[in-house]
Amino acid sequence: MKPQVAFFDFTCCEGCQLDALNIEGQDLADLLDSIDIVEFREVSTAKAEHYDIAFVEGSVSRESEIDRLKDIRNRADLVIALGACAHIGGINCLKNHFSMDEALTIVYGDDAKYYDTIPARPIHAVIPVDFNIPGCPINTAEFLRTIKELLLGKTPELPNHPVCVECKMAGNVCVFERGETCLGPVIRAGCNAICVTAGRHCWGCRGLVDDPNLDAQKDVLAKYGLTVEEIVEKFKIYNTYSEVAK
Amino acid sequence: MSLVNINVHHVTRVEGHGNILVNATDGRLEEVRWEVPESPRLFEAMFRGRHYDDVQHIASRICGICSIAHSTASLQASEAALGVPVSQQTRLLRKLLFNAEILESHLLHAYCLAVPDFLGVGSVFPLLDTHRDVVVRAMKLKRLAYCMADLLAGRKTHPISCIVGGFSMLPDMEKLAMLRDAFVEALDDFKATVDLFKMITVPDFERETEYIALKDPDEYAFVSGDIASSDAGIVPIDDYLSVTNEFCVPHSTAKYTKNKRESYQVGALARFNLNHEQLLPLAKEASIELGLKAPCQNPYMITIAQVVETVHVAEDSIQLINRLLDSGVSPESEPREIHEGRGIGAVEAPRGILFHDYTYDENGILTHANCVIPTNQNHNNIQKDMEALVPTILDRSEDEIRLALEMLVRAYDPCISCSTHLLQVRFT
Amino acid sequence: MQEHSVLVVDDEPIVRESIRDWLTEAGYQVATAETGEQALQLVASRDFSVLVVDLRLPGKTGIKVLEAVKAERPWIRTIVITAYPSAETVQEARQLGAVDYLLKPFAPDNLERLIDDTLSSIPPEATVTTVEVPEAAPIPIAEAIEVKQTFAIDDIELRAVFDALVETMDVIGVVEKDGHFVFDHVKHFDDLRLDYDVTVHPPTRYLFPARESLLKLRLGDEPAAQPSISAPAQALFGVHPYDIKAIELLDEVFMATHSDPNYIARRRNTTIIGIDCLNPSPTAFAPSMGTHQTESGFDLLLTDIGSGFMVCVGSESGAKLLATHTAAREPSDSEIAAHRTRLEKAQLKYQVRLDVSRERLPKLLEDHYDDEYWGERSKTCLSCGSCIMVCPTCFCFDVKDEVSLDLKTGERIREWDGCMLTDFAKVAGGENFRLSKASRFRHRIFRKGKYVLERYGMVGCVGCGRCAIACLPDIASPAEAFNAIAQEAKAKAARRLIGKVASEDKLYTPRPAKLIRVEELTASEKMFEFALEDGSALGHHPGQFVEISILGIGEAPISVSSSPTRGDTFQLAVRNVGNVTRALHNLTEGATIGIRGPFGNGFPIESLEWKDLLLVAGGIGLFPLRSLIQYVLDRRDAFGRVTVLFGARSPQERLFLSELASWYERDDVEFHETVDNSDATWDGNVGVITTLIPEIGVSPAKTMSVIVGPPIMYRFVIGELKKKGLADEQIIMSLERQMKCGVGKCGHCQINGTYVCQEGPVFSLAELRNLREAV
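Respectively, the protein sequence lines represent chains A, B and C. So in my numbering, the last one in the first sequence is 560, and the numbering has no gaps at all. So in my numbering, the last one in the second sequence is 458, and the numbering has no gaps at all. So in my numbering, the last one in the third sequence is 965, and the numbering has no gaps at all.
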């Protein structure tokens, strides 16, 4: 029987799920020859009891989401975090810098008392996770490669070197040479340095490499004119949940 | 005693999470409620204290489908607040980029989210076996939109090169020409799309309501113009608050809006009703073929209006690309001067009018933000539509009532996770 | 054709006579000698073009012969053959002028080809036949445009050359981007920036791209692989001399031995238009590396003299280009003066210099291997890889299999990789052989200053200064490292081969082999028996390894576990530890896999013969050692006393049970076993393997010991063997490293300057004493 695959979403923008299926019609047909999509709320009414692979997008930011996530973990053989929100907490964690009351008041004013929220966190803070597909949004090729590797019986592995490697392979001029700052040297590659190639810099959406030399990176950023506060602000956008921002 | 108890938890085939509740006893409707249990994202809090260079990047993440719309509204708000002008080249590129989003979002909705209901299946996947050419065509046209966005902004979901003042990367002209050729060749596929939707029987339901959309004297508005209403006159976008009138509802994380009536509708049908004269020729033809005439008060026709708009943006994109190829593109320098201030950016996201309202200090740091999301503006209307629809169909089976309500919600093409607010409509 | 005579010197009659027969058939006059003394007598009395000499000779060694020949008959081209290459002997032989060395055993073809190449390589002063000259030339033009001559042309004429190239091929020239210079596809002469100081990325990326396909794969029940080679016609326009020197190094690396089909195809289709660098970048130090000027490696070399260009012709095709599209003329005196002045002025502009002559770098580095400098300097290293990615002399790569969504087809691709990245030296089992940043940092500097020079005879760093610019913490410049530990050494040059080299088209293409039999050894180890589908024997030596391919999954290096004396099939014993081995373990009999190899040097049978043998295997170290044990047992008479020791972690982890039983039974083998942890089933020795050694009687003078096992085991066993009185040369080991190509190119298996896949995996302790990273 083909692997039974499902997609779930929590607090997120749903961009990663959509990008997962951003493929040609023929590729979709090939994919559905190899896997069955048994639950994918956004595009299908189907539901299932058990999953071989459950892709989970989004971070956890409400109490009710914790139970729903645990239930999915119980019914899935493999749980794979899909995208930065599920993997490292993502943009959602930016609100963690305010107290929850303060954040709600900013948005809802006096009516804040009606709403509840908890500090946002990646899914690995709630359940054990088997693999990750990083990025905001994910890189569709990396997503497909992970599926192919699982189908072949390989253990999916993410690159353990920084974005700089791919940036140089792409023939880019270094962002620092352009007079801007970039988190690339401590951020995990696998995106082909797409943001630098498009004329911007790396914001760190794929999370840190296994053993980042953060002190050196802070020195480098300071050398190019940023204060420690500014550096921390840069990291905060995606990496609030990690040790970096501390 | 007959009981109708419908409780749809997390409606499928919509973006975001929504619930539908209906309770009726002996043919008497007790409660019908549209509920949106979406977690509050709290973006307005996330923007605070960020430098303007990061704001578009964060704003884009409000939504994965309409990230270009949020990016564009965000940039326009920042530019208005900071006093940064944009060139004609930037305007053209932004319009073209926006077309990519309208195209992809409408195609996704029409083909993948709505069509399955009309063909009696749960999703687009089984259609690969029964209607393979339809699926292949849908994916092909979606890919065209993705390619256009890749070329202009590096990526469609969360575009990269849109910055305050313009773009950090310019498209390769050769590839742009090839893209134009691909669009021209694809006009047949758009025609086939129109033909497909001609065959669909849209449920018959009407309710008069107010329609609100951007209106621009020079073109069918997506990224420019003022606020127009079917009930009232034109309001400049800076006065948007007087139109949206957001208010909180107890036990609901969604803010409601209303203007001249209890609720109003935004989106493709609103745009069509207000601006149909400005559609390009092929789109006008398509609207006639599809039987869409202004003013149309049937929310189920929103999907049809979207199909008309896809034809419009296809033709518009070809024209825009030709203009860009004629004028060429040249690198522009980054903004030199900024000042403190407040600015409003308004665009027509695929689902309707979207506002971003920012205030910056003299260092370019954001101090206050407000966003009014199209789906927010529709929640109330959905509720009112349901209230009007359900009594007329109570005699049908529970399954039929449920399907009709789900299709109604789907017709609005809600983008619920955009709602920084939650619509908790629980009727009991 | 002039008849060439070859002198073959080897003490083994078989070797001597076979080579003589092959070469005679190939049309050479061949003489032979048995000893070094005989060889020198013959050399003194007759004329030879080529000398083929074995390194190991009784009496006067091969090295001594080379020395003498170099002194007395320096025009004789010398080729070294040996079964035991080592970094030192290679270097020595090269320094004595040896053109190349061949590993025994080698095929007749290889030797013949090498001799052909050696004899027909064009000496530097060769002239080219007269080329067609355009009519109506207002200024006197050279009657013949000859290679190595320099002419003068105007700007307009250079433009004509450029335009002509654009019409027939992809032209890649230097343009401006984001305020810097890069090589990029260019169509208009006016976009060129020939006055650039340095490009962000080197032009070598157009010969050795960041990513390229090696094989196209068909997956499924009938897997197959085909080489995949893409080589568009291209011209690199405006290459500085230091980059030309880097390309010459890559030519040597990729073409001289194990010729790489992808590189060769690209190289042959590339025209190089060089240009002297008149505006050096602030971090460059090319003159210190001898690379600021070049006399070879280009088709044309330009120098901007203000009023026009001087053009040096470097090849026939360059000559043709010039003659067809310009009215190149003899330069006037003032032009020649301007040329010289500009080059001299340029050399003065370099801001960074080595404080030590580059020839002294290898020794300097060796003497400072343990300096604190390496740890201190690398503290701020981000392991970001920028230095290696912008380096023109870096060429390490990774190899991966990618598959289509329908899992029916795929590609094997190679991508840049490098020693500065954290996981470069990590093996599937998890061990990382260069874990610390300091060790990686040091390794890179040693590559640039020592290992490349010693292996290939050319500088490993061309002083372009790109890494210094790219490195964010500013620690990358080799000049700084060299200067920081300044001292002296020597370097030499080697030969060029571009036109004459035949590519090994199937270098990366695996041969199909069928799985005949699977035997489960333990819970996580199996023995697989394979037969090559074309029916031939693998032809391996005990101790060699193969690269086994499961198409779509990848490739892994596995030692051969069976002796070549046991028939045409071969056995691989494998532990399930990574993606490829897992896939292997899931195969059933009848499946087809791919094999490349055999690779590596194998156990040194010649130095084991007639000696007492003490063979020690720890755990799955028995896998490679078994090939030797079987071989020895099959040729029992050629060896003295044979003692075999085997240690397993527990009785459940003992391997090849029936074979072990047979060893117990033989009375011409002393076999002892031990387990670390016992259980009820075991009544033998309990304890680590070293506990077996003290009891063994050893005559140190005539004993050779071969050990294979996990890294931790070596240290302790060596200790015990030393107590028994064995010298370093008498202790032989087999080492494991990550491998991706098996042919000495991808860089992953390096131990200091040695490639484990080439000079190993078998090493004597004496050799390893010089390799600091080894144990």
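Glycine is no exception: its CB is placed at the ideal position from the N, C-alpha and C atoms. Every value quoted in this text rests on a predicted model; they were computed, and no experiment measured them.
Shortest alpha-carbon distance to B:Glu65 belongs to which of B:Val52, B:Ala75, B:Arg71 and B:Leu72? By 1-based counting over the second sequence, the position of residue 65 of chain B is 35. It is B:Val52.
Using only alpha-carbon positions, find the residue among C:Gly655, C:Gly887, C:Thr871 and C:Asp866 that is nearest to C:Gly877. Here residue 877 of chain C refers to the residue found at position 687 when the third sequence is read from its first residue. When only C-alpha atoms are compared, the closest one is C:Asp866.
Could you spell out the range, first to last residue, of the beta strand (DSSP E) harbouring C:Pro747? Taking the third sequence and counting its residues from 1, one reaches residue 747 of chain C at position 557. It spans Gly744 to Ser749 - the beta strand (DSSP E) in which C:Pro747 sits, taken as one unbroken run.
Let me check one thing: in DSSP terms, what residues is B:Ile50 bridge-paired to? Working through the second sequence from its first residue, we reach residue 50 of chain B at position 20. Its beta-bridge partners are B:Val38 and B:Trp64.
Taking the alpha carbon of A:Arg520 as the point to measure from, which residue in A:Glu463, A:Phe490, A:Val487 and A:Ile405 has its own alpha carbon closest? For this step, residue 520 of chain A is matched to residue 206 along the first sequence. A:Arg520 has its Cα closest to that of A:Ile405, out of A:Glu463, A:Phe490, A:Val487 and A:Ile405.
For a contact defined as C-beta to C-beta under 8 Å, what are the partners of A:His475 on chain C? Locating residue 475 of chain A in the first sequence gives position 161, counting from the first residue. Near A:His475 (Cβ distances below 8 Å), the residues of chain C are Ser573, Cys574, Gly575, Leu611, Thr612 and Asp613.
So, is the C-beta of A:Ala343 closer than 8 Å to a C-beta in chain B? In the first sequence, residue 343 of chain A corresponds to position 29, counting from 1. Interface residue, yes.
Residue-chain proximity (A:Asp333, chain C), Cβ-Cβ < 8 Å: Sequence index remark: in the first sequence, residue 333 of chain A carries index 19 (1-based). So, not an interface residue.
Should B:Ser135 and B:Cys177 be called a contact, given that it needs their Cβ atoms to be closer than 8 Å? Numbered from 1 along the second sequence, position 105 holds the residue referred to as residue 135 of chain B. Numbered from 1 along the second sequence, position 147 holds the residue referred to as residue 177 of chain B. For B:Ser135 and B:Cys177, no; Cβs fall outside 8 Å.
Check the Cβ of A:Arg355 against every Cβ in chain B and list those closer than 9 Å, keeping chain order. Your numbering for residue 355 of chain A matches position 41 in the first sequence. Near A:Arg355 (Cβ distances below 9 Å), the residues of chain B are His40, Val41, Thr42, Arg43, Val44 and His47.
With respect to the beta strand (DSSP E) encompassing B:Leu309, which residues constitute its N-terminal and C-terminal limits? Here residue 309 of chain B corresponds to residue number 279 of the second sequence, with the count starting at 1. Unbroken run through B:Leu309: none, as it is neither H nor E.
Quick one: what's got a C-beta closer than 8 Å to A:Ser348's C-beta in the same chain, skipping five residues either side? Taking the first residue of the first sequence as position 1, residue 348 of chain A is located at position 34. Excluding positions up to five away in sequence, the list reads Lys316, Pro317, Ile461 and Leu465.
Cutoff 8 Å: A:Lys598 Cβ touching any chain B Cβ: In the structure as shown, chain A begins at 315 and stops at 560. Residue 598 of chain A is therefore absent and cannot be evaluated.
Chain A beta carbons: is any one of them nearer than 8 Å to that of B:Ala75? Here residue 75 of chain B refers to the residue found at position 45 of the second sequence. So, interface residue.
Exposed or buried, what is C:Pro314 when buried is set at 16 or more other beta-carbons lying within 10 Å of its beta-carbon? The sequence position of residue 314 of chain C within the third sequence is 124, counting from 1. Note that C:Pro314 scores 31 on pLDDT, short of 50, meaning its location in the model is unreliable; the coordinates nonetheless yield the value given after this. The residue in question, C:Pro314, is exposed, as its Cβ has fewer than 16 Cβ neighbours within 10 Å.
Excluding the five sequence neighbours on either side, which residues of its own chain have a C-beta within less than 7 Å of the C-beta of C:Ala414, listed in chain order? The residue you call residue 414 of chain C lines up with position 224 of the third sequence. The answer, listed in chain order, is Arg408.
Spatial neighbours of A:Thr554 in its chain, beta-carbon cut-off 8 Å, leaving aside the 5 residues before and after: Taking the first sequence and counting its residues from 1, one reaches residue 554 of chain A at position 240. Gly403, Cys407, Leu408, Asn410 and His411.
Where A:Ser556 meets chain B, residues with beta-carbon distance less than 7 Å: In the first sequence, residue 556 of chain A corresponds to position 242, counting from 1. Near A:Ser556 there are no residues of chain B at all, since even the closest Cβ is about 18 Å away, more than 7 Å.
Best match in C:Pro472, C:Glu621 and C:Arg543 for proximity to C:Val767 [C-alpha to C-alpha]: Position 577 of the third sequence holds residue 767 of chain C. The candidate whose alpha carbon is nearest that of C:Val767 is C:Glu621.
Between the C-alpha atoms of A:Asp529 and B:Asp256, what's the straight-line distance to the nearest angstrom? Here residue 529 of chain A refers to the residue found at position 215 of the first sequence. Here residue 256 of chain B refers to the residue found at position 226 of the second sequence. Their Cα atoms are separated by approximately 51 Å.
Run through the DSSP bridge pairs and tell me what C:Gly372 is partnered with. Taking the third sequence and counting its residues from 1, one reaches residue 372 of chain C at position 182. One point to set straight first is that residue 372 of chain C is Val, not Gly, in the sequence displayed. In DSSP, C:Val372 forms a bridge with C:Val365.
Spell out whether any CB of chain A is found under 8 Å from the CB atom of C:Pro668. Looking up residue 668 of chain C in the third sequence gives position 478. No - not a single Cβ of chain A is within 8 Å of the one on C:Pro668.
Here's the rule I'm using: 16 or more other beta-carbon atoms within 10 Å means buried, otherwise exposed. How should B:Met203 be labelled? By one-based count along the second sequence, residue 203 of chain B stands at place 173. Per the 10 Å Cβ criterion, exposed.
Restricting to Cα atoms, I'd like to know which of A:Pro476, A:Gly372, A:Asp533 and A:Pro451 is closest to C:Cys577. Numbered from 1 along the third sequence, position 387 holds the residue referred to as residue 577 of chain C. Looking at the Cα atoms, A:Pro476 is the closest of the given residues.
B:Asp443 - DSSP class collapsed to helix/strand/coil: Here residue 443 of chain B refers to the residue found at position 413 of the second sequence. DSSP places B:Asp443 in coil when its eight states are reduced to three.
Against chain B, with Cβ distances strictly below 8 Å, would A:Ala512 count as a contact? Counting from 1 along the first sequence, the entry for residue 512 of chain A is found at position 198. Yes, A:Ala512 counts as interfacial toward chain B.
8 Å contact criterion, which A:Val510 and A:Asn486 should meet: CB distance rounded: On the first sequence, position 196 is the one that residue 510 of chain A refers to. On the first sequence, position 172 is the one that residue 486 of chain A refers to. That belief holds up - the Cβ atoms of A:Val510 and A:Asn486 are roughly 5 Å apart, short of 8 Å.
Indicate whether A:Arg297 and A:Leu472 have their beta-carbon atoms separated by less than 8 Å. This structure cannot speak to residue 297 of chain A, because chain A is shown only from 315 to 560.
Cβ pair C:Ile266, C:Leu304 closer than 8 Å: Here residue 266 of chain C is taken as the residue at index 76 of the third sequence, counted from 1. Here residue 304 of chain C is taken as the residue at index 114 of the third sequence, counted from 1. Not in contact: C:Ile266 and C:Leu304 (Cβ atoms no closer than 8 Å).
Three-state class that DSSP yields for B:Glu134 in the structure shown: Here residue 134 of chain B refers to the residue found at position 104 of the second sequence. B:Glu134: helix per DSSP, three-state reduction.
Going by other Cβ atoms of all chains shown within 10 Å of its Cβ, with 16 needed for buried, is A:Glu544 buried or exposed? Here residue 544 of chain A corresponds to residue number 230 of the first sequence, with the count starting at 1. By the neighbour-count rule (16 or more Cβ atoms within 10 Å), A:Glu544 is not buried but exposed.
Report yes if the C-beta distance between C:Ile209 and C:Leu301 is below 8 Å; otherwise report no. Position 19 of the third sequence, counting from 1, holds the residue named residue 209 of chain C. Position 111 of the third sequence, counting from 1, holds the residue named residue 301 of chain C. In this structure, C:Leu301 lies closer than 8 Å to C:Ile209 by Cβ.
Count the other C-beta atoms from every protein chain shown that fall within 10 angstroms of the C-beta of B:Ser360, then say buried if there are 16 or more, exposed otherwise. Locating residue 360 of chain B in the second sequence gives position 330, where the first residue counts as 1. With fewer than 16 other Cβ atoms within 10 Å, it is exposed.
Do B:Gly184 and A:Ala562 count as a contact pair if the criterion is CB distance below 8 Å? Residue 562 of chain A lies beyond the stretch modelled for chain A, which goes from 315 to 560, so this question has no answer here.
Nearest candidate by alpha-carbon position, reference B:Ser117, set B:Ile92, B:Leu419 and B:Ser363: Position 87 of the second sequence, counted from the first residue, corresponds to residue 117 of chain B. Out of B:Ile92, B:Leu419 and B:Ser363, B:Ser363 has the C-alpha closest to the C-alpha of B:Ser117.
Leaving out five residues on either side along the sequence, give the residues of the same chain with a beta carbon under 8 Å from the beta carbon of A:Leu396. The residue you call residue 396 of chain A lines up with position 82 of the first sequence. These residues qualify, in order along the chain: Phe321, Cys330, Gln331, Ala334, Phe369, Val370, Glu371, Ile447, Ile452 and Phe457.
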